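Visitor: Protein chains in written order, with our numbering: chain A, 1 to 109; chain B, 110 to 741. Glycine is no exception: its CB is placed at the ideal position from the N, C-alpha and C atoms. This structure is a prediction, so every number in the text was calculated from the model and none was measured. Sharing a structure, written as structure tokens. Questions coming.
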């Protein structure tokens, strides 16, 4: 399969994520959209990794392997981030009885 | 002997340091003694050097002390030039200076000890600077002395600085001199630029190779400096105001020595002036105009010191006329005789003021002949000398200048004689109203009148002898062959470039005629003024044209209107408009811009997470666009 399809898919996923972050007010949904963006990047990384591997396997058996390594790192970081983020949302709900991010403007003061 | 020349200015410098540093501790008698003794030491040394320079086979020597400025190819040594001209000035400065120091010890006795020592400290500093001025072997050393005497003049005019008017007069003198110095400095820079040196010898040697235009420019700029220091049109107005200083200061600085610095400088640069006929004409005409203008003002002044001040300006005008027509010896001769009789006149005036308890208005004097016999006799002799009555000294020197002026242009002679007649008139008007007639002051003043003590009368007598006999140093050729001792003495300096009585001027009968005419007219004027003012000494209020003269041709008012007032208005404009609106506006505007800008930027921090994210995304998009489409 040509690389273009992967690119289009992950760009579409990323844009959906951005749009969601910008437009939605529910913190959980915003959070999910951030995950969507992360995974769009992951998909792209894997796709390029595979492409490079196919192209250069003859000379270098490890070609493109670093892309896949990045993906693992991102997954690990994302998992940590999810646990922190969900904890923040839980605290938010406990304080405001809402998960609407527009209530989160106290940074200003 | 010449190698000890550095001691001549050193003595007054030591006196200045002692009196200046310890003025609070040393008693009055000691500070007066130090002040006078140091100048006397210089005088004695100058005399010894004079006898050496007088020898037939003497050649001018340059005594180099140390390197003063060294930059690239330019080297300016701190060196002294010993030649007849500088030695003559040394004698005048230290001789007359010593007499005036002696006079001051008595004249200033009412001051407290610290102020008394301060006075002598300034006076010694003045003598030091003046000696530096005449001894310097290049324009830079000359300029150091030139500025030094200007500073001392400022300090001494404003000696009684608590009086607002006196300190304004001091400021006026200083500012006027600065205007002149500006021209002088530019001339020196131009000379250094052209010749790569400031030394007189080298410049004069190479001067004929320079273009006439350049020499004319330089000489005119030097003359601007001379008009400031020597009180010529248009910068003369400071000198009459300088009479605010103590009277001995007026005698030493503002009559006998400092104001002749311009004459000395031009006489020293005569090689340049000989190459620039245009400048010579300018010098002669300016001198003549000043002589006439100041003499006409002096006729209607009622302050004894003001009359003498205008007479000084007028006599300086004659000296410049002499320089302008090439009679350098005549001009220097007149400097010398003028130093004698004008110092004598001022010191006599000081003695009168002293006796009158500070009164300076001649309308309130009269009949002082009875009370001040020595002052009266010496003052009369000085008046005869300055008026140019033969055989007193002023006659010889003035006649020499006038003869040379006639040779150049008979019109100069006619105007010069008119000025000499005015001189005779106002001097005898002054003499008659002061010493003849009846006393017009208060009874209290009359009771107080007394002859001054010996330290005051001694300098008067010495100067009177000099004023009477000084002229015989320059007897014209027509009276006796080779009797012009001064001309003979100065010949190495002005060699071959001489005109006037010291050289070989107009033929004998013409000179007899010129001499007879000027002497006759002057004597008629003396008798007329004597009769007129001894019979009717009350001076009425000036009316008509006399009012113009009494108000000094309104020159001060003219300067006030065309220079001072526009300058003040301009400064006011800068202060009130430029400073307030533009400068302050810029400073305050910068502050206000920052305040306004930050108030606008503050809205960005809304606290809305969505807003931050939106901006972030927009930022990324912009970076993308730049990266992809704009960066090639």
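Less than 7 Å between CB atoms is the rule here; does residue 22 of chain A satisfy it with respect to chain B?
Guide: Yes, residue 22 of chain A counts as interfacial toward chain B.
Visitor: In this structure, does DSSP put residue 111 of chain B in helix, strand or coil?
Guide: It is helical.
Visitor: Report the residue ranges of all alpha helix (DSSP H) runs contained in full by the segment 377 to 429 of chain B; include only those spanning at least 4 residues, in chain order.
Guide: Taking only runs of at least 4 residues, the alpha helix (DSSP H) segments lying wholly in the segment 377 to 429 of chain B are 379 to 383 and 386 to 407.
Visitor: Let me confirm a value: residue 255 of chain B is counted as buried when at least 16 other C-beta atoms fall within 10 Å, else exposed. Which label applies?
Guide: Counting Cβ neighbours within 10 Å, residue 255 of chain B comes out buried, since at least 16 surround it.
Visitor: List in chain order: all unbroken beta strand (DSSP E) runs of 3+ residues lying wholly within the segment 152 to 206 of chain B.
Guide: Counting whole runs of 3 or more residues, the segment 152 to 206 of chain B contains the beta strand (DSSP E) stretches 170 to 180 and 183 to 191.
Visitor: Sort B/230, B/208, B/206 and B/508 by Cα distance to residue 130 of chain B and report the nearest one.
Guide: Nearest option by C-alpha distance: B/230.
Visitor: Near residue 251 of chain B, which residues of its chain fall below 6 Å by C-beta distance, leaving aside the five closest residues on each side in sequence?
Guide: The residues are 242 and 245.
Visitor: Tell me the residue span of the alpha helix (DSSP H) that contains residue 681 of chain B.
Guide: 674 to 682 is the span of the alpha helix (DSSP H), which, as asked, contains residue 681 of chain B.
Visitor: Between the segment 469 to 477 of chain B and the segment 540 to 554 of chain B, are three or more C-beta pairs nearer than 8 Å?
Guide: Yes: at least three Cβ pairs fall under 8 Å.
Visitor: Residues of chain B with CB under 7 Å from residue 101 of chain A, in chain order?
Guide: Going along chain B in sequence order, the residues near residue 101 of chain A (Cβ under 7 Å) are 718 and 719.
Visitor: Beta-carbon within less than 6 Å of residue 612 of chain B's beta-carbon, same chain only, minus the 5 sequence neighbours each way: which residues are those?
Guide: Caution is warranted here: a pLDDT of 49 is assigned to residue 612 of chain B, below 50, making its placement in the model unreliable, and the coordinate value is therefore given only provisionally. Here the set comprises nothing.
Visitor: Quick one: grab the DSSP three-state call for residue 693 of chain B.
Guide: DSSP places residue 693 of chain B in helix when its eight states are reduced to three.
Visitor: Flag residue 46 of chain A as yes if its beta-carbon sits less than 7 Å from any beta-carbon of chain B, otherwise no.
Guide: Not closer than 7 Å to any Cβ of chain B, the Cβ of residue 46 of chain A fails to qualify, so no.
Visitor: If you measure beta-carbon to beta-carbon, which residues of the segment 676 to 688 of chain B are closer than 7 Å to chain A?
Guide: Hits within the stretch: zero.
Visitor: For residue 18 of chain A, go through chain B and note every residue whose CB falls closer than 8 Å to its CB, in chain order.
Guide: Residues of chain B passing the Cβ test: 726.
Visitor: Please list the terminal residues of the continuous alpha helix (DSSP H) segment that includes residue 110 of chain A.
Guide: Outside the displayed span of chain A (1 to 109) sits residue 110 of chain A, for which this structure offers no information.
Visitor: Does the segment 111 to 118 of chain B come into contact with the segment 170 to 179 of chain B, if we say contact requires no fewer than three beta-carbon pairs (one atom in each stretch) closer than 8 Å?
Guide: At 8 Å Cβ cutoff, the stretches touch.
Visitor: Could you give the distance in angstroms between the alpha-carbon of residue 634 of chain B and the alpha-carbon of residue 544 of chain B?
Guide: Taking the straight line joining both Cα atoms gives about 18 Å.
Visitor: For residue 415 of chain B, which residues of its own chain have a beta-carbon under 7 Å away from its beta-carbon, when the five flanking residues on both sides are left out?
Guide: If we look at residue 415 of chain B and ignore the five residues flanking it on each side, its Cβ neighbours are 349 and 352.
Visitor: By the 10 Å Cβ neighbour count, where 16 or more other Cβ atoms means buried, how is residue 247 of chain B classified, buried or exposed?
Guide: It counts as buried.
Visitor: Is residue 660 of chain B helix, strand or coil by DSSP?
Guide: Coil.
Visitor: Using a C-beta to C-beta distance shorter than 9 Å, which residues of chain A count as neighbours of residue 739 of chain B?
Guide: Those within 9 Å of residue 739 of chain B in chain A number zero; the least Cβ separation is about 21 Å.
Visitor: How do the segment 431 to 446 of chain B and the segment 569 to 584 of chain B stand: do at least 3 beta-carbon pairs fall below 8 Å, yes or no?
Guide: Yes, they touch.
Visitor: Using the beta-carbon count (16 or more within 10 Å), is residue 705 of chain B buried or exposed?
Guide: So residue 705 of chain B counts as exposed.
Visitor: Is it a yes or a no for the segment 563 to 580 of chain B touching the segment 453 to 467 of chain B, going by three-plus beta-carbon pairs under 8 Å?
Guide: At 8 Å Cβ cutoff, the stretches touch.
Visitor: What is the DSSP secondary structure of residue 91 of chain A, counted as helix, strand or coil?
Guide: If DSSP states are grouped into helix, strand and coil, residue 91 of chain A belongs with the helices.
Visitor: Name, in chain order, the residues that DSSP records as bridge partners for residue 245 of chain B.
Guide: B/189, per the DSSP bridge assignment.
Visitor: Note down, in chain order, every chain A residue with its Cβ under 8 Å from the Cβ of residue 723 of chain B.
Guide: 22, listed in chain order.
Visitor: Could you give the C-beta distance for residue 434 of chain B and residue 513 of chain B, rounded to a whole number, given that I count them as a contact under 8 Å?
Guide: Rounded, the Cβ-Cβ distance is 5 Å, consistent with contact.
Visitor: If we ignore side chains and look at the alpha-carbon of each, how far apart do residue 498 of chain B and residue 362 of chain B end up?
Guide: Rounded to the nearest angstrom, the two C-alpha atoms are 26 Å apart.
Visitor: I need the straight-line Cα distance from residue 327 of chain B to residue 136 of chain B, nearest angstrom please.
Guide: Spanning the two alpha carbons is a distance of roughly 49 Å.
Visitor: Would you identify the three-state DSSP class for residue 100 of chain A, choosing helix, strand or coil?
Guide: Strand, per DSSP.
Visitor: Could you give the first and the last residue of the continuous alpha helix (DSSP H) run that contains residue 42 of chain A?
Guide: Unbroken alpha helix (DSSP H) run through residue 42 of chain A: 27 to 56.
Visitor: How many Å lie between residue 44 of chain A and residue 726 of chain B at the Cα?
Guide: Each residue's Cα considered, the two are about 19 Å apart.
Visitor: Just how far apart, CA to CA, sit residue 428 of chain B and residue 153 of chain B?
Guide: So the two alpha carbons sit approximately 28 Å from each other.
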